[in-house]
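Remarks on the structure that follows.
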Amino acid sequence: MTTFLLSHNLQVQGGNVPPWEGQELAAGLLRLCGSAIRAEVLSHPHWLIRIEGAVDAPVLASDLLEAWVSLRHEKGHDVGHALLALGGRKDTRPGPGSPLEQGFWGVDVVETSDPEGFLEAINWQALKAGRPTDGVFEVRLNPL
210 MTTFLLSHNL
220 QVQGGNVPPW
230 EGQELAAGLL
240 RLCGSAIRAE
250 VLSHPHWLIR
260 IEGAVDAPVL
270 ASDLLEAWVS
280 LRHEKGHDVG
290 HALLALGGRK
300 DTRPGPGSPL
310 EQGFWGVDVV
320 ETSDPEGFLE
330 AINWQALKAG
340 RPTDGVFEVR
350 LNPL
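Quick note on numbering: the sequence shown equals residues 210 to 353 in the numbering used here.
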């Protein structure tokens, strides 16, 4: 079982790309993401939704981004931008009260018109270099 805790990083300014309401997003992703078997809204300042699937992390991430774009289309939102799913597996003990448990994946879904610039700004290559290769992933989707 693969468990993701999702955060949302909306880098697109203007246009019709509103932030998501948690329940709407969880229900839509569960309905549209074929590899998701459970989705629940979290009550946490950073982690919005917990998603579970029976596939490996990169496959779940790819399916998740496809579902995200489909949900944006359904709602009439703009999707003329790139999406990134940046994931890291929690390999250490969690802090007190953290919903990100050992073995879960923390996944930041980023909506941006400049994926390369965003990755450079967060120093993604250095962040990945400090992790085991099977403990981090990056999935991109350009629905243009």
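Heads up, the beta-carbon is just placed ideally off N, CA and C, and yes, glycines get one too.
Item                                                                                                            : Value
Beta strand (DSSP E) runs contained entirely in the segment 275-315, provided each spans 3 or more residues     : 291-298
Boundaries of the alpha helix (DSSP H) in which G237 is found, first to last residue                            : 231-241
DSSP three-state assignment for V319, whether helix, strand or coil                                             : strand
Own chain, CB closer than 6 Å to A276, minus 5 neighbours either side, in chain order                           : L238, L241, C242
Residues near D287 in its chain [Cβ-Cβ closer than 7 Å; skip 5 each side]                                       : G224, N225, V226
Spatial neighbours of N218 in its chain, beta-carbon cut-off 6 Å, leaving aside the 5 residues before and after : D317, V319
Where the beta strand (DSSP E) through G262 begins and ends                                                     : 258-262
Continuous beta strand (DSSP E) stretch holding L215: start and end                                             : 211-219
Cβ pair L309, E347 closer than 8 Å                                                                              : no
Supposed contact pair L257 and L274 - C-beta distance, whole angstroms, cut 8 Å                                 : In fact, because the Cβ distance is near 15 Å, the residues do not count as touching under 8 Å.
C-beta atoms of T211 and L269 nearer than 8 Å                                                                   : yes
Residues bridged to E347 [DSSP beta-bridge criterion]                                                           : L295
Distance between L234 and P228 (C-alpha atoms, nearest Å)                                                       : 10 Å
Bounding residues of the beta strand (DSSP E) (the contiguous stretch that carries V250)                        : 245-250
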